[in-house]
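Notes follow once the structure below has been shown.
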Amino acid sequence: MTDTFTFPILSVIIFVPIIAAVVMLFIDGSRRDLIRGIAITAAVIVLALSATVYFGYNSQVAAVDANQAAVTEVGGVGMATQLFADGLRYEENVPWIESLGISYHLGVDGLNAPMVLLTGMVTVAGVLISWRIDDRTREFMAFFMLLVAGVYGVFVAIDTFVLFFFYELAIFPMYLLIATWGWVKLRQYAAMKLTLYILIGSVIALVGVIAMVFTADAFFRGDGAQVFEAAKQSGILSQNAGTFSFNMTHLMLAGEAGAYNVLGYAGVDVLTFAKIWFPFIFIGFGVLAGVFPFHNWSPDGHVAAPTAVSMIHAGVLMKLGAYAALRMGVQLLPQGAEVHLPWIVFLTLINVVYGAFIAFRQRDFKYVIGFSSVSHMGLVSMGWASMNIIGMTGAGLQMFSHGAMTALFFGCVGMVYDRAHTRDIPSLGGFVKRMPWVAVAFIIGGLTSMGMPGLSGFIAEFPIFQGMWAASENVSLTIGSFTLTNYYSIIVVIAALGIVITAAYVLRVTTQVFFGDFKDELYPEVGDIAITDRIILILLGTPLIILGIYPTIMAPMLESGLKPVLALLGGG
Amino acid sequence: MNEFHLGINLLAILPEIGLVLLAIAILALDLYWPESRRRNIAYVAAVGLAFLATLPVIFSPDMIRNIDPEAFGNGLLWGGMVRYDMLSQIFKVMVLIAAALTSLMAIDVKGVGRKGEFYLIVVVSTLGMTLMSGAADLIMAFVALETTSIPLYILAAFKRDDNKSAESGLKYFLYGSFASGLMLYGLSLLYGFTGHTNLYSLAQFLNTETFASNPLPALGAMALVVVGFGFKVSAVPFHFWTPDVYEGAPTPVTAFLSVASKAASFALLARFFVAVFPESVVIGEQGLQTFWVQLAAVLSVISMTLGNVIALAQRNIKRLLAYSSIAQAGYTLMGVAAIQANTVDGQSQAVAAIAFYMFMYVFTNLLAFAVVILFSEATGSETIADLAGLSRRNPMLALAMTIGLLSLGGVPPAAGFFGKFFLFKSAVESGMVWLALVGVINAIIALYYYLVVIKVMYVDRSEDENKPIPVSRPYVWVLGVTTVAVIALGTFAAQPIFIWAVESAKSLFAA
Numbered sequence: 018m019t020d021t022f023t024f025p026i027l028s029v030i031i032f033v034p035i036i037a038a039v040v041m042l043f044i045d046g047s048r049r050d051l052i053r054g055i056a057i058t059a060a061v062i063v064l065a066l067s068a069t070v071y072f073g074y075n076s077q078v079a080a081v082d083a084n085q086a087a088v089t090e091v092g093g094v095g096m097a098t099q100l101f102a103d104g105l106r107y108e109e110n111v112p113w114i115e116s117l118g119i120s121y122h123l124g125v126d127g128l129n130a131p132m133v134l135l136t137g138m139v140t141v142a143g144v145l146i147s148w149r150i151d152d153r154t155r156e157f158m159a160f161f162m163l164l165v166a167g168v169y170g171v172f173v174a175i176d177t178f179v180l181f182f183f184y185e186l187a188i189f190p191m192y193l194l195i196a197t198w199g200w201v202k203l204r205q206y207a208a209m210k211l212t213l214y215i216l217i218g219s220v221i222a223l224v225g226v227i228a229m230v231f232t233a234d235a236f237f238r239g240d241g242a243q244v245f246e247a248a249k250q251s252g253i254l255s256q257n258a259g260t261f262s263f264n265m266t267h268l269m270l271a272g273e274a275g276a277y278n279v280l281g282y283a284g285v286d287v288l289t290f291a292k293i294w295f296p297f298i299f300i301g302f303g304v305l306a307g308v309f310p311f312h313n314w315s316p317d318g319h320v321a322a323p324t325a326v327s328m329i330h331a332g333v334l335m336k337l338g339a340y341a342a343l344r345m346g347v348q349l350l351p352q353g354a355e356v357h358l359p360w361i362v363f364l365t366l367i368n369v370v371y372g373a374f375i376a377f378r379q380r381d382f383k384y385v386i387g388f389s390s391v392s393h394m395g396l397v398s399m400g401w402a403s404m405n406i407i408g409m410t411g412a413g414l415q416m417f418s419h420g421a422m423t424a425l426f427f428g429c430v431g432m433v434y435d436r437a438h439t440r441d442i443p444s445l446g447g448f449v450k451r452m453p454w455v456a457v458a459f460i461i462g463g464l465t466s467m468g469m470p471g472l473s474g475f476i477a478e479f480p481i482f483q484g485m486w487a488a489s490e491n492v493s494l495t496i497g498s499f500t501l502t503n504y505y506s507i508i509v510v511i512a513a514l515g516i517v518i519t520a521a522y523v524l525r526v527t528t529q530v531f532f533g534d535f536k537d538e539l540y541p542e543v544g545d546i547a548i549t550d551r552i553i554l555i556l557l558g559t560p561l562i563i564l565g566i567y568p569t570i571m572a573p574m575l576e577s578g579l580k581p582v583l584a585l586l587g588g589g
Numbered sequence: 003m004n005e006f007h008l009g010i011n012l013l014a015i016l017p018e019i020g021l022v023l024l025a026i027a028i029l030a031l032d033l034y035w036p037e038s039r040r041r042n043i044a045y046v047a048a049v050g051l052a053f054l055a056t057l058p059v060i061f062s063p064d065m066i067r068n069i070d071p072e073a074f075g076n077g078l079l080w081g082g083m084v085r086y087d088m089l090s091q092i093f094k095v096m097v098l099i100a101a102a103l104t105s106l107m108a109i110d111v112k113g114v115g116r117k118g119e120f121y122l123i124v125v126v127s128t129l130g131m132t133l134m135s136g137a138a139d140l141i142m143a144f145v146a147l148e149t150t151s152i153p154l155y156i157l158a159a160f161k162r163d164d165n166k167s168a169e170s171g172l173k174y175f176l177y178g179s180f181a182s183g184l185m186l187y188g189l190s191l192l193y194g195f196t197g198h199t200n201l202y203s204l205a206q207f208l209n210t211e212t213f214a215s216n217p218l219p220a221l222g223a224m225a226l227v228v229v230g231f232g233f234k235v236s237a238v239p240f241h242f243w244t245p246d247v248y249e250g251a252p253t254p255v256t257a258f259l260s261v262a263s264k265a266a267s268f269a270l271l272a273r274f275f276v277a278v279f280p281e282s283v284v285i286g287e288q289g290l291q292t293f294w295v296q297l298a299a300v301l302s303v304i305s306m307t308l309g310n311v312i313a314l315a316q317r318n319i320k321r322l323l324a325y326s327s328i329a330q331a332g333y334t335l336m337g338v339a340a341i342q343a344n345t346v347d348g349q350s351q352a353v354a355a356i357a358f359y360m361f362m363y364v365f366t367n368l369l370a371f372a373v374v375i376l377f378s379e380a381t382g383s384e385t386i387a388d389l390a391g392l393s394r395r396n397p398m399l400a401l402a403m404t405i406g407l408l409s410l411g412g413v414p415p416a417a418g419f420f421g422k423f424f425l426f427k428s429a430v431e432s433g434m435v436w437l438a439l440v441g442v443i444n445a446i447i448a449l450y451y452y453l454v455v456i457k458v459m460y461v462d463r464s465e466d467e468n469k470p471i472p473v474s475r476p477y478v479w480v481l482g483v484t485t486v487a488v489i490a491l492g493t494f495a496a497q498p499i500f501i502w503a504v505e506s507a508k509s510l511f512a513a
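Protein chains in written order, with the working numbering: chain A, 18 to 589; chain B, 3 to 513.
Take a look at the structure:
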């Protein structure tokens with residue numbers, strides 16, 4: 018931390034949408050073009066700043082790596098936390114509720130920088146695709162901007178309380194957006210289901226984190242006092258830090274030093290804090306990532322939502338869940354991860370295969386994409402469960418790749434639906450003739466989701482499988498006297514089946530919607546898309562190709578972001 | 003006992019003196035002003051009350067203590083009748099703000115707003131509440147309670163011609179006087195056992211062999227007092243009056259009742275139990291505190307659960323808010339249960355959580371009720387279904403209501419998130435993770451019915467969509483102040499107010 022004034026770029030990214038929302042609310046609702054203008058201005062500013070953050074961090078990855086190598090050389094307790102703290106850039110740290118150790122602490126490392134960029138892209142795309150919403154445009158755009166602010170807040174929060182704050186903040190506008198502007202048939206049910214599912218998961222995790230803070234506090238005042246002092250000396254924690262803090266670095270240090278691994282939690286001899294709370298925290302956030310059996314809100318929610326919200330929801334919010342599950346679950350409770358991820362992996366397997374299979378069976382265009390998200394997000398969680406650098410990097414790439422890809426998908430679906438007014442796959446056909454742009458974009462997305470080499474899906478999914486395979490020897494699951502070993506490789510084999518099914522449904526949808534005969538009499542007014550729509554397709558489609566051809570633009574960054582987590586898990 | 007210092011003693015009850023003067027002024031203006039100008043009495047009351055709300059802050063007990071520590075002593079003034087401390091200060095500010103906003107909210111309500119006596123009774127009731135916040139003596143506590151309650155009975159029945167209002171007043175009176183009676187019985191038992199009426203000296207007399215071997219007397223007295231407080235804060239199973247009274251009473255009265263009366267009751271409750279039944283008094287081999295803490299935990303769980311579950315089925319917005327207020331009392335009782343924390347710091351944090359919760363609840367609930375008043379005055383309806391299309395009829399009103407409901411539900415950036423967070427945190431700190439879990443599950447149940455109301459306002463269509471709902475100047479002020487306060491308390495103002503709450507809570511545990 019330096020004393021000189023630095024431009025608080027992350028705060029600006031969060032507050033530009035909030036200010037835009039407030040300004041809009043004070044404008045006469047009938048001046049729709051002005052409101053759209055404000056929204057797109059805010060979105061473009063945010064995207065520009067996000068890109069600055071991403072490429073700014075990218076240019077520093079080498080420095081971060083060098084530092085990490087030096088720290089790893091020294092080793093010792095606190096090494097992982099040191100890696101994490103040193104990797105943060107663009108930090109902002111302002112005390113919020115000092116007596117409770119809550120500070121408005123933001124920062125970017127290799128893990129969340131790609132997510133920041135992704136959010137920026139989807140925001141611009143979301144505003145553009147909502148251009149023609151005429152019903153209460155002001156409210157729609159204002160709530161959308163609040164949602165964006167919340168999402169950014171979660172991604173860049175380094176204080177767990179701040180993370181929760183923005184997490185809950187993001188959920189509510191989502192409810193209104195879906196319930197008010199969504200698909201009439203399903204919207205009320207879907208919006209409520211989605212909100213309650215996600216909130217239940219997160220508030221239970223919140224209680225877990227509060228309990229974690231107290232555990233860390235007691236540890237640092239007792240057995241861990243030396244570790245605490247040493248951390249203050251070495252600068253991991255600030256000089257005036259108290260033992261009671263919601264800061265992620267603080268909690269991570271406690272975890273690394275074994276605070277959550279003390280036997281006798283809640284009066285039971287064999288229990289530790291990490292063992293009890295890890296599933297609640299990981300799955301609590303995993304709900305938003307669509308982890309089976311809590312994935313059920315997701316297809317309904319995505320289908321019911323207006324296109325822009327589907328895009329941001331499937332594209333960004335589900336990543337929020339996966340990201341928070343890693344940050345709050347694996348990173349803070351690594352000992353819990355080692356115990357529980359070996360069985361959670363089965364849930365992710367169900368996600369991958371079952372999600373793909375259900376997607377295959379759908380007639381509704383949007384439901385296909387909704388279930389495909391469930392399937393692909395399963396791969397992200399599976400990547401976390403591999404607990405090694407290859408698999409986790411793959412999962413990180415998959416988060417970005419799937420984010421852009423699924424937003425593209427929902428964009429395409431929206432564009433088709435806006436013109437054809439139906440999403441029933443068998444009654445569509447031949448749209449490539451009228452909407453060539455959309456067809457091309459959809460095929461790019463489809464190939465990505467199949468994992469075609471040269472596109473980002475391949476460089477994300479392949480490492481996940483590779484990582485799982487590599488992890489197979491090290492992972493075992495003990496249930497009573499029965500021990501399961503080497504089963505990760507079997508899981509890989511079955512999960513690969515999911516990819517085959519994915520290929521099947523993508524091809525089926527592509528053929529039925531875009532190829533075949535065009536029914537002129539049914540869809541007389543279908544024409545090509547507007548310029549705004551083309552911008553969306555280019556914006557979301559290009560990264561898929563760039564990342565596929567040139568993964569170095571993201572992979573080293575993710576690796577540097579994942580090293581602290583892996584140092585905790587004892588891998589490399 | 004120290005020498006009597008008039009200056010300090012007067013400062014201690016400055017707001018109360020001000021309230022009496024304000025009451026007299028309102029009475030005079032009511033006689034003097036013609037009917038056409040009586041609306042202005044509301045402004046006089048509101049400005050007066052708002053001014054009085056600044057007094058406890060300006061003449062902060064901590065400051066006075068520093069000026070003359072010897073005369074100030076332990077803050078027990080007027081012969082031990084009132085305690086001049088930070089806890090009384092923060093709650094006095096709350097009830098005075100609530101009363102000021104209520105006066106503004108009543109201004110255009112038919113049959114209420116133009117009657118001077120309405121404001122007079124509100125001011126007198128507020129007087130009782132400020133005294134409750136500082137009461138340090140059994141007699142003072144009871145007198146303050148009655149000074150609060152009796153005007154509220156009248157207010158509930160203020161629309162004499164309206165059957166529902168009359169029913170509401172009568173119900174409130176019957177339940178209230180019965181609860182007061184039980185409580186008085188408890189207080190008299192305490193006096194009988196110890197021969198003392200000062201809250202701060204009772205405990206030492208309870209701590210004898212006689213009571214330790216026979217738990218019945220002390221626990222019996224405690225139970226009776228709990229009934230009284232349970233009634234006042236509308237905790238289950240003493241809540242039966244709440245929905246009917248809330249529904250029948252004129253809406254500004256409901257608003258006032260739901261926040262000010264509850265806040266003052268929690269102030270007295272915290273002071274009473276911490277002072278009279280401390281852990282150091284051992285009854286039947288257990289500290290007295292253990293008993294009421296467990297009782298509070300049980301009441302908290304059933305109040306939250308029952309309040310929220312029954313609220314799901316409500317169709318009338320006032321009844322919905324009534325059940326929601328029962329649930330809110332349940333959340334707050336979680337803070338009371340958390341007083342069992344091991345350290346004084348933890349205990350202060352628990353009381354601070356209660357104070358913060360009540361502070362934000364004042365603004366939140368008044369915001370929600372202000373919207374209900376505007377809506378029902380314009381349309382004559384109080385059913386939730388009729389709120390349909392509110393976001394088209396008056397987008398700002400719908401937004402304000404949304405913020406209010408979200409705050410009740412505990413969603414950031416509204417203040418309720420911090421309020422609940424502090425309570426849950428205290429519960430975890432005192433080792434009751436299970437209570438915090440019950441709390442969060444309840445928060446989700448509650449969010450369901452708040453979201454349903456929001457949905458009705460934004461999604462549902464209605465035939466009256468193009469009939470706008472007018473909002474007059476005083477209501478713009480009320481909505482503006484409460485909305486800004488709710489957002490501020492949920493963001494940057496959370497820190498200073500929580501520190502203030504912690505300071506005031508510490509005064510409770512200082513000797």
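For every residue, glycine included, the Cβ atom is placed at its ideal position computed from N, Cα and C.
| Query | Result |
| --- | --- |
| PHE157(A) Cβ short of 8 Å to the ligand ADP heavy atom set | Summarising the ligand content, the structure contains no ligands, and the ligand ADP is consequently not present. |
| Helix, strand or coil at ASN264(A) [DSSP, three-state] | strand |
| Continuous beta strand (DSSP E) stretch holding HIS122(A): start and end | 119-125 |
| Reference VAL230(A), options ALA248(A), LEU254(A), LEU211(A), THR260(A), closest by Cα | THR260(A) |
| Proximity below 9 Å, CB of ALA343(B) to CB of GLU431(B) | yes |
| Exposure of GLN415(A), with buried meaning 16 or more beta-carbon neighbours within 10 Å | buried |
| Closer than 9 Å to chain B by CB, TRP113(A) | yes |
| LYS469(B) versus ARG395(B) - alpha carbon distance | 6 Å |
| CB contact check: LEU575(A) to chain B, cutoff 9 Å | no |
| Short Cβ contact (9 Å threshold) for TYR169(A) with ILE36(A) | no |
| Exposure of THR569(A), with buried meaning 16 or more beta-carbon neighbours within 10 Å | exposed |
| Separation of ALA572(A) from MET409(A), as counted between CA atoms | 10 Å |
| Straight-line gap, LEU7(A) to ALA321(A) (C-alpha atoms, nearest Å) | Lying outside 18 to 589, the shown extent of chain A, residue 7(A) is not represented and no answer is given. |
| Spatially closest choice to SER506(A) from VAL285(A), SER403(A), VAL304(A), VAL133(A), by CA coordinates | SER403(A) |
| Simplified DSSP state of ARG525(A), which is helix, strand or coil | helix |
| Inter-residue CB distance, SER182(B) and SER151(B) (contact presumed, cutoff 8 Å) | 7 Å |
| Interface residues of chain A facing PHE500(B) [CB-CB closer than 9 Å] | ILE114, SER116, LEU117 |
| SER282(B) (DSSP reduced to helix, strand or coil) | coil |
| Pair within 9 Å by beta-carbon distance, GLY558(A) and ILE496(A) | no |
| Reference ALA507(B); option with closest CA among VAL440(B), SER190(B), SER135(B), MET459(B) | SER135(B) |
| Contact check, GLN483(A) vs ILE407(A), beta carbons under 9 Å | yes |
| Beta-carbon gap between HIS267(A) and VAL391(A) smaller than 9 Å | no |
| Interface residues of the stretch 193-226 of chain A facing chain B [CB-CB below 8 Å] | LEU193, ALA196, THR197, ARG204, GLN205, ALA208, MET209, THR212, LEU213, LEU216, ILE217, VAL220, ILE221, LEU223, VAL224 |
| Within chain A, the residues that PRO470(B) reaches when beta carbons sit closer than 7 Å | Near PRO470(B) there are no residues of chain A at all, since even the closest Cβ is about 12 Å away, more than 7 Å. |
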